[in-house]
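Peer 1: Below is one structure. I have some questions about it.
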Amino acid sequence: VETIDHKPSLWVERARIVAAGGKVCGGRRARLDGNLAVSRSLGDFDFKDNAGRPAAEQKVSCLPDIYEVSGLPERTLLLLACDGLWDAISSEEAAQFVRERLRYDPPMELDEIAQELVSYSLEGKTGDNVTVRPEYCWCSLAVRSPRILGPRIRRHRLFTFLRRGAGQLRFLCLEFAGHAGNLALHSSTHVASTLPWLEIRNLYHQS
């Protein structure tokens, strides 16, 4: 399963952009105001300066899509990556890339898989920055609210995360079918996105 990319070419994104006074240039690889390749993000405040519109209705919105997952096993592999990867290779290609390396004996470590996936995408496939982070999820455990962390810690972690080049994220859920050697792409049509509804500007002013 996968989420839908927030691209300026999508009709719902284009409608918001135009209503906020922006324009969409180009076709499949459309850009907002001829510049930005994504239509939702944290930061990018030059595209969020319309004082007469709420944050969710700016040319670039910080509002995430929220999906609900049910029926996932306790151990699920979540592949997070920025648009630099997803503009270069398909979800299926990325899933197959991960599966093959988890079938190694012994299975490749996740950080090594991430490094190889970045290198693979940079081999003539993209000139953009690429961020990849695979993570195992324990779906039976309660998710801790980010508000438990102090604001200074949250601010530090968010800025550290963004400095590493993470842009718009797409979530690809890979389900274990018994063991790492038998990895299958989950067939559910629902995926969970837990990005907080945050803007760096708002987080920065907390103390």
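Just so you know, the sequence shown maps onto residues 7 to 213 in our numbering.
Cβ atoms here follow ideal geometry from the backbone N, Cα and C, with glycine treated the same way.
(1) Closest by CA to E74, which one among P140, P60, A61, T9?
(2) Helix or strand or just coil, what does DSSP make of R59?
(3) Which class does S127 belong to by DSSP, given the choice of helix, strand or coil?
(4) Measure the alpha-carbon distance for V124 versus L91 and round it to whole angstroms.
(5) For P79, which residues does DSSP report across the bridge?
(6) Are the beta-carbon atoms belonging to G28 and D11 less than 7 Å from one another?
(7) May I ask which residues mark the beginning and end of the alpha helix (DSSP H) holding S97?
(8) State the CB to CB distance for the pair L83 and Y142, rounded to an integer number of angstroms; the pair is presumed to be in contact (CB under 8 Å).
(9) Along the alpha helix (DSSP H) that carries L91, what are the first and last residues, could you check?
(10) Looking at the secondary structure, which residues open and close the alpha helix (DSSP H) in which I72 lies?
(11) Give me the DSSP bridge partner(s) of P140.
(12) So what's K13 in DSSP terms, helix, strand or just coil?
(13) Taking a contact to mean a Cβ-Cβ separation below 7 Å, would you say A94 touches V138 in this structure?
(14) Express the C-alpha separation of I119 and S45 in angstroms, rounding to a whole number.
(15) How would you label A101, buried or exposed, when you count the other beta carbons within 10 angstroms and need 16 or more for buried?
(16) Where A43 and K65 are concerned, what is the direct C-alpha to C-alpha distance, given to the nearest angstrom?
(17) When DSSP labels each residue in this structure, what does R46 get in the three-state scheme?
Peer 2: To lay it out plainly:
(1) Here residue 74 refers to the residue found at position 68 of the sequence shown. The shortest C-alpha separation from E74 is found at T9.
(2) Indexing the sequence shown from 1 puts residue 59 at position 53. Coil, per DSSP.
(3) As a first step, residue 127 must be located in the sequence shown, where it is residue number 121. S127 falls in the helix class under three-state DSSP.
(4) Position 118 of the sequence shown, counting from 1, holds the residue named residue 124. Position 85 of the sequence shown, counting from 1, holds the residue named residue 91. One Cα belongs to V124, the other to L91, and the distance between them is close to 7 Å.
(5) Within the sequence shown, the letter at position 73 stands for residue 79. P79 pairs with nothing; no bridge assigned.
(6) Taking the first residue of the sequence shown as 1, we reach residue 28 at position 22. Taking the first residue of the sequence shown as 1, we reach residue 11 at position 5. It is not a contact, given that the beta carbons lie outside the stated cut-off.
(7) To locate residue 97, count along the sequence shown from 1; it is residue 91. Segment 97-108, the alpha helix (DSSP H) holding S97.
(8) Walking along the sequence shown from the start, residue 83 turns up at place 77. Walking along the sequence shown from the start, residue 142 turns up at place 136. Their Cβ separation, rounded to whole angstroms, is 6 Å, which keeps L83 and Y142 in contact under 8 Å.
(9) Within the sequence shown, the letter at position 85 stands for residue 91. L91 -> alpha helix (DSSP H) spans 89-92.
(10) Residue numbering aside, residue 72 sits at position 66 when the sequence shown is read from its first letter. Run containing I72: none; DSSP gives neither H nor E here.
(11) The count along the sequence shown starts at 1 and reaches residue 140 at position 134. Paired residues: L85.
(12) Here residue 13 is taken as the residue at index 7 of the sequence shown, counted from 1. In the structure shown, K13 sits in coil (DSSP, three-state: anything other than H, G, I, E or B).
(13) Taking the first residue of the sequence shown as 1, we reach residue 94 at position 88. Taking the first residue of the sequence shown as 1, we reach residue 138 at position 132. No, these two residues do not count as a Cβ contact at 7 Å.
(14) Here residue 45 refers to the residue found at position 39 when the sequence shown is read from its first residue. Here residue 119 refers to the residue found at position 113 when the sequence shown is read from its first residue. Distance between the alpha carbons of S45 and I119 is about 29 Å.
(15) Working through the sequence shown from its first residue, we reach residue 101 at position 95. Buried.
(16) Indexing the sequence shown from 1 puts residue 43 at position 37. Indexing the sequence shown from 1 puts residue 65 at position 59. Taking the straight line from one Cα to the other gives about 12 Å.
(17) For the purposes of this step, residue 46 is taken as the residue at position 40 of the sequence shown. Reduced to three states, the DSSP call for R46 is strand.
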